[in-house]
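Before any comments, here is the structure.
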Amino acid sequence: MKPQEPLVRDRAAFRAEMEKLSTPERIDRMQQLRKQAGERMDARMNAVKTFYAQLNPAQQKVFDLESHAWMAERGRHGRHGGGHGPHGGMGMGGMGMMH
Numbered sequence: 122m123k124p125q126e127p128l129v130r131d132r133a134a135f136r137a138e139m140e141k142l143s144t145p146e147r148i149d150r151m152q153q154l155r156k157q158a159g160e161r162m163d164a165r166m167n168a169v170k171t172f173y174a175q176l177n178p179a180q181q182k183v184f185d186l187e188s189h190a191w192m193a194e195r196g197r198h199g200r201h202g203g204g205h206g207p208h209g210g211m212g213m214g215g216m217g218m219m220h
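Add 121 to a position in the sequence shown, counting from 1, and you land on the number used in our numbering.
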């Protein structure tokens with residue numbers, strides 16, 4: 122699975138776009154972005170399941186331990202913690218540059 126482009130590439134342009142919209146239009150835009158983010162998350166989860174199914178039991182055990190450690194670390198720092206992804210995670214952030 123190739124790395125995904127953020128849903129919002131340019132924060133300043135996004136803010137400028139949102140400022141021009143009425144409240145109902147902003148809500149519609151945010152709902153659209155949330156839907157896209159959910160679709161991307163579903164695709165990532167399905168890709169992980171497909172990958173996991175190809176691993177042997179020993180590899181699955183290592184994957185389980187590593188992914189649990191990653192999720193625990195991410196939870197400790199929250200969405201805006203330190204790291205390399207759009208929300209401070211390991212590159213698997215949700216809605217791109219949205220804050």
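Idealized CB from N, CA, C, for every residue including glycine.
Backbone secondary structure at residue i - three-state DSSP
i	result
Gln266	Because residue 266 is not part of the residues shown, which for the chain are 122 to 220, the question remains open.
Lys141	coil
Asn167	helix
Leu176	coil
Limits of the unbroken alpha helix (DSSP H) element including residue i
i	result
Arg130	Note, Arg130: premise wrong, no alpha helix (DSSP H); not H, not E.
Any non-hydrogen atom of the ligand SAM within 7 Å of residue i CB
i	result
Glu146	In terms of ligand content, the structure shown is empty, and the ligand SAM therefore cannot be addressed.
Distance CB(residue i)-CB(residue j) smaller than 8 Å
i	j	result
Arg150	Met139	yes
Classification of residue i by the beta-carbon crowding that lies within 10 angstroms, buried from 16 upward
i	result
Leu142	exposed
Leu128	buried
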